[in-house]
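One structure below.
Residue numbers (the UniProt record's numbering), protein chains in the order written: chain A, 1 to 110; chain B, 1 to 319.
The following block contains the structure:
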């Protein structure tokens, strides 16, 4: 699935990231960094409530392409800046991680 | 290795690996005999295959007895080696169920002093056999972990200066100035946790190494780096050597140290503060992740003397 289609179908906000022509093959939900580190597949979208800058290290090391911040939370300024440097796409949504998963599933990511 | 040493080693390993079951340990390549065969045939088979006992099964592969080297000796003395196995085999066989835990398996080895035990399902069908060698092989294969403790650990700890200079895996002196990659860890800024591992990943990616291998190195190094930042309260350093057949990573600090390494190796155990946990750290999966993603890993630590983690990563092929 291309990220631009997922974003369009699910109505997520794009916080940072120019090019959404990125292929997403899988997803992971988690707020404990080591859990995500150990288990998230690469080329995936990561749903979380963590917004501080460390999420970018986790994403770039595991090969996560996009982060979706749930529950209407907002990213810290530094996170947004650093995401540009790392080429990680930042998204956000008012929905909970669970509801966002349901939408991603309906949009065809499975 | 003498029998006593094997027992001692098994006892030490037992407590770390007690959740392994008989089904995971057993050798499924079982040599069996049917009861109408002769003791002579059993003896020949033992000689060729270098084994000390053979399970006896009926036509449904159900275990009905076992013939051991002792039975053969007795038969030779009595001159009845040409008799059928059925007449002389041991009919009361001690066996394991597939779900039996390592604790229970080892206690049966101690109690009965047999060299091998069959594993049978509910219908009595034989699934495999377990010897002490199978237990050790399973543990080594599955966990790919060398954990230095007891005598070796105390020897190195006595010369505490040495474990900062020597490889924990090979014992050789480590030339840190020869490292292909070096990164100083800034423990004062939690935001920077992971920066070293990310740099290492970029560095390794330029070397045209297997992507999966690089990913494993980066993940395990990240965990070691985060530990320095959130736990050590001291400066630390990441060293990496890219060798022909493997990648070596060493992460060290001179900080607080780990009070109980065994406990720290358990998933879910963490000493992180609430503030650190809120940031998503302190899941208690740092050391377990390092173990999972490396092929060999050794941790050395003592309270107040810092931590040294050494890991080796080999290309595993397409997995």
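We put the CB at the ideal spot given by N, CA and C, even for glycine.
- Boundaries of the beta strand (DSSP E) around residue 118 of chain B: 116-120.
- Residue-level contact check: residue 54 of chain A touches chain B, since one or more beta carbons of chain B fall below 8 Å from its beta carbon.
- Per DSSP, reduced to three states, the secondary structure at residue 49 of chain B is helical.
- The Cβ neighbour count for residue 12 of chain A, taken over all protein chains shown within 10 Å, is at least 16; the residue is labelled buried.
- If you ignore the 5 residues before and after residue 270 of chain B, its C-beta comes within less than 7 Å of the C-beta of 282, 283, 284, all in its own chain and listed in chain order.
- Counting C-beta atoms within 10 angstroms of its own C-beta, residue 231 of chain B has 16 or more neighbours from the protein chains shown and is therefore classed as buried.
- In the DSSP annotation of this structure, the continuous segment of the beta strand (DSSP E) that includes residue 13 of chain A starts and ends at 13-16.
- For the C-beta of residue 191 of chain B, the chain A residues within less than 8 Å are, from N- to C-terminus, 52, 53, 54, 78.
- Only buried fits residue 134 of chain B, as 16 or more other CB atoms lie within 10 angstroms of its CB.
- Closest in C-alpha terms to residue 71 of chain B, from the list B:266, B:216, B:202, B:90, comes B:90.
- Using a Cβ distance threshold of 8 Å, residue 167 of chain B and residue 8 of chain B do not count as a contacting pair.
- By the C-beta density criterion, residue 50 of chain B is exposed, having fewer than 16 other C-beta atoms within 10 angstroms.
- When DSSP states are grouped into helix, strand and coil, residue 74 of chain A belongs to the coil group.
- Within the same chain, 31, 69, 70, 71, 73, 97 come within 8 Å of residue 49 of chain A by CB-CB distance, once the 5 residues on both sides are set aside.
- Of all residues in the stretch 264-277 of chain B, none has a C-beta nearer than 7 Å to a C-beta of chain A.
- At the C-beta level, residue 68 of chain B and residue 52 of chain B come within 8 Å of one another.
- Beta-bridge pairing by DSSP links residue 249 of chain B to B:240, B:311.
- Between the stretch 53-62 of chain A and the stretch 229-245 of chain B, the count of C-beta pairs closer than 8 Å stays below three; the two stretches do not touch.
- Only 56, 57, 58, 60, 61, 62, 63 from the stretch 56-75 of chain A bring a Cβ to less than 9 Å from some Cβ of chain B.
- Linking residue 104 of chain A to residue 297 of chain B through their CA atoms gives a straight-line distance of about 38 Å.
- Contacts with chain A at 8 Å (Cβ-Cβ) include residue 219 of chain B.
- Nearest to residue 185 of chain B by alpha-carbon distance, out of B:251, B:19, B:24, B:295, is B:251.
- Using a Cβ-Cβ distance cut-off of 8 Å, the stretch 18-28 of chain B and the stretch 40-48 of chain B are not in contact, since fewer than three pairs of beta carbons, one from each stretch, lie closer than that value.
- Contacts with chain A at 8 Å (Cβ-Cβ) do not include residue 184 of chain B.
- Between residue 225 of chain B and residue 194 of chain B, the C-beta gap is smaller than 8 Å, which places the two residues in contact.
- Within chain A, the residues 37, 57, 61 have their CB atoms less than 7 Å from the CB of residue 222 of chain B, given in chain order.
- For residue 296 of chain B, there is no enclosing alpha helix (DSSP H); the residue is part of the beta strand (DSSP E) that begins and ends at 296-301.
- Contact check for residue 93 of chain A against residue 51 of chain A fails: the beta carbons are separated by 8 Å or more.
- Residue pairing of residue 28 of chain A in beta bridges, as defined by DSSP: A:46.
- Bounds of the alpha helix (DSSP H) holding residue 104 of chain B are 102-112.
- Scanning chain A for C-beta atoms nearer than 8 Å to the C-beta of residue 197 of chain B yields 57, 61, reported in chain order.
- When secondary structure is reduced to three states using DSSP, residue 127 of chain B falls in the strand class.
- The UniProt domain "CBS" (26-84) of chain B contains, as complete beta strand (DSSP E) runs of 3+ residues, the segments 53-57, 63-68 (chain order).
- Residue contact with chain B for residue 109 of chain A: absent (no Cβ-Cβ distance below 8 Å to any residue of chain B).
- For residue 201 of chain B, the nearest CB of chain A lies under 8 Å from its own CB, placing it at the interface with that chain.
- Rounded to the nearest whole angstrom, the C-alpha separation of residue 139 of chain B and residue 74 of chain B is 36 Å.
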